[in-house]
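Participant: Chains as they are written, first to last, in this note's numbering: chain C, 10 to 120; chain X, 2 to 115.
I am attaching a structure below and will ask some questions about it afterwards.
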Amino acid sequence: GQNIDQPTEMTATEGAIVQINCTYQTSGFNGLFWYQQHAGEAPTFLSYNVLDGLEEKGRFSSFLSRSKGYSYLLLKELQMKDSASYLCAVRAHNQGGKLIFGQGTELSVKP
Amino acid sequence: DGGITQSPKYLFRKEGQNVTLSCEQNLNHDAMYWYRQDPGQGLRLIYYSQIVNDFQKGDIAEGYSVSREKKESFPLTVTSAQKNPTAFYLCASSTIAGGPSEQYFGPGTRLTVT
Numbered sequence: 010g011q012n013i014d015q016p017t018e019m020t021a022t023e024g025a026i027v028q029i030n031c032t033y034q035t036s037g038f039n040g041l042f043w044y045q046q047h048a049g050e051a052p053t054f055l056s057y058n059v060l061d062g063l064e065e066k067g068r069f070s071s072f073l074s075r076s077k078g079y080s081y082l083l084l085k086e087l088q089m090k091d092s093a094s095y096l097c098a099v100r101a102h103n104q105g106g107k108l109i110f111g112q113g114t115e116l117s118v119k120p
Numbered sequence: 002d003g004g005i006t007q008s009p010k011y012l013f014r015k016e017g018q019n020v021t022l023s024c025e026q027n028l029n030h031d032a033m034y035w036y037r038q039d040p041g042q043g044l045r046l047i048y049y050s051q052i053v054n055d056f057q058k059g060d061i062a063e064g065y066s067v068s069r070e071k072k073e074s075f076p077l078t079v080t081s082a083q084k085n086p087t088a089f090y091l092c093a094s095s096t097i098a099g100g101p102s103e104q105y106f107g108p109g110t111r112l113t114v115t
């Protein structure tokens with residue numbers, strides 16, 4: 010089966026750096042995605058990792074270690090608008106492209 | 002503008018009634034998906050379709066039905082057999098699996114059944 014774990018909630022200060030971790034168990038790993046979701050809205054795509062290492066995209070970076078079943082999303086120079094839920098999702102081979110989502114991490118950015 | 006539309010944004014129904022949620026995309030994507038989200042939880046897959054006239058059950062298909070008669074459309078029917086239908090429903094689409102083909106999401110439909 011597939012299982013994804015991420016912290017339920019985190020709090021950080023405006024201007025700081027925060028790291029949101031995600032651990033997963035899956036057979037036939039075929040990519041890990043991070044999405045951002047503001048309350049009541051649709052998730053929006055942030056990043057994709059399929060090989061080990063760090064992918065950087067502006068203030069957001071995502072890291073993957075396939076051997077450890079581990080990923081993290083790094084947010085730098087936090088802004089108030091970064092307050093949202095961050096969803097980790099894993100895709101497996103031969104599963105029609107479907108994603109298995111974690112429960113999401115609710116990030117609160119304080120002034 | 003390319004994208005995914007879902008309507009309506011809010012939907013209210015009485016218990017025992019079937020209700021159909023619409024999902025349309027003009028991204029020319031082959032694959033489409035339906036998810037359900039409950040408060041404080043992640044997304045759970047209901048049904049997905051990779052090509053027209055074909056679809057597969059996801060993790061929580063009981064009480065739901067879908068059709069895929071056109072590439073652009075993937076409506077979801079919430080039947081009276083669904084025990085707890087009140088939820089936020091999200092439709093998504095993507096190019097066929099593989100590569101960084103992320104799923105694009107519609108704005109969602111919040112269904113309330115009383």
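Using N, Cα and C, we set each Cβ at its ideal position, and we do this for glycine too.
These figures come from a predicted structure and were not determined experimentally.
Under a CB-based cut-off of 7 Å, is Y49 of chain X close to chain C?
Facilitator: Yes, contact with chain C.
Participant: Is DSSP giving D55 of chain X helix, strand or coil here?
Facilitator: Three-state result, D55 of chain X: strand.
Participant: Scan the segment 67 to 101 of chain X and note each continuous beta strand (DSSP E) run of 3 residues or more that stays entirely inside, going in chain order.
Facilitator: Counting only runs of 3 or more, we get 77 to 79, 88 to 95.
Participant: Can you list, in chain order, the residues of the segment 104 to 117 of chain C whose Cβ is nearer than 9 Å to any Cβ on chain X?
Facilitator: Going along the segment 104 to 117 of chain C in chain order, one finds Q104, G105, G106, K107, L108, I109, F110, G111, Q112, G113, E115 with a Cβ nearer than 9 Å to chain X.
Participant: Find out if the Cβ-Cβ distance for the pair V67 of chain X, Y36 of chain X is shorter than 7 Å.
Facilitator: No.
Participant: In its own chain, which residues sit with a C-beta less than 7 Å from the C-beta of V27 of chain C, not counting the 5 before and 5 after it?
Facilitator: Here the set comprises M19, A21, L84, L87, L116.
Participant: Only counting the same chain, and skipping five residues up and downstream in sequence, which positions put a Cβ closer than 7 Å to that of S70 of chain C?
Facilitator: For S70 of chain C, where only same-chain residues beyond five positions count, the Cβ hits under 7 Å are L63, E64, L83.
Participant: Does the segment 37 to 54 of chain C come close enough to the segment 87 to 98 of chain C that 3 or more CB-CB pairs lie under 8 Å?
Facilitator: Touching, yes.
Participant: Taking A32 of chain X as the query, report the chain C residues whose CB atoms sit under 9 Å from its CB, ordered along the chain.
Facilitator: Within chain C, the residues near A32 of chain X are G105, G106, K107.
Participant: Around the C-beta of D14 of chain C, are 16 or more other C-beta atoms found within 10 angstroms, so that it is buried, or is it exposed?
Facilitator: Exposed, since its Cβ has fewer than 16 Cβ neighbours within 10 Å.
Participant: Can you tell which of C:A48, C:K119, C:Q34 has the C-alpha that lies nearest to the C-alpha of M89 of chain C?
Facilitator: Comparing Cα-Cα distances from M89 of chain C to each of C:A48, C:K119, C:Q34, the minimum goes to C:K119.
Participant: Give me the Cα-Cα distance between P86 of chain X and L112 of chain X, rounded to the nearest whole angstrom.
Facilitator: Spanning the two alpha carbons is a distance of roughly 7 Å.
Participant: Please list, in chain order, the chain X residues whose beta carbon lies closer than 7 Å to that of P52 of chain C.
Facilitator: Chain X residues near P52 of chain C: F106.
Participant: Please report whether the beta-carbon of L63 of chain C lies at a distance below 7 Å from any beta-carbon of chain X.
Facilitator: No, L63 of chain C lies away from the interface with chain X (no Cβ there is under 7 Å from its Cβ).
Participant: In chain order, what residues of the same chain lie with their CB nearer than 8 Å to the CB of E23 of chain C, ignoring the 5 residues before and after it?
Facilitator: Closer than 8 Å at the Cβ level, and outside the excluded window around E23 of chain C, lie L87, Q88, M89, V118, K119, P120.
Participant: Tell me whether R68 of chain C is buried or exposed, calling it buried when 16 or more other Cβ atoms sit within 10 Å of its Cβ.
Facilitator: With fewer than 16 Cβ atoms within 10 Å of its Cβ, R68 of chain C is classed as exposed.
Participant: So for D91 of chain C, helix, strand or coil by DSSP?
Facilitator: Three-state DSSP puts D91 of chain C in a helix.
Participant: According to DSSP, is E103 of chain X helix, strand or coil?
Facilitator: E103 of chain X: coil per DSSP, three-state reduction.
Participant: Counting only C-beta atoms, is S95 of chain X closer than 7 Å to chain C at any point?
Facilitator: At least one chain C Cβ lies under 7 Å of S95 of chain X.
Participant: Identify whether K77 of chain C lies in helix, strand or coil by the three-state DSSP scheme.
Facilitator: Reduced to three states, the DSSP call for K77 of chain C is coil.
Participant: Could you tell me the alpha carbon to alpha carbon distance between S74 of chain C and Q104 of chain C, rounded to whole angstroms?
Facilitator: The straight-line gap from Cα to Cα measures roughly 21 Å.
Participant: Does the CB of G3 of chain X have a neighbour CB from chain C at under 7 Å?
Facilitator: No - not a single Cβ of chain C is within 7 Å of the one on G3 of chain X.
Participant: State the DSSP-derived secondary structure class of Q11 of chain C, mapped to helix, strand or coil.
Facilitator: Coil at Q11 of chain C, not helix or strand.
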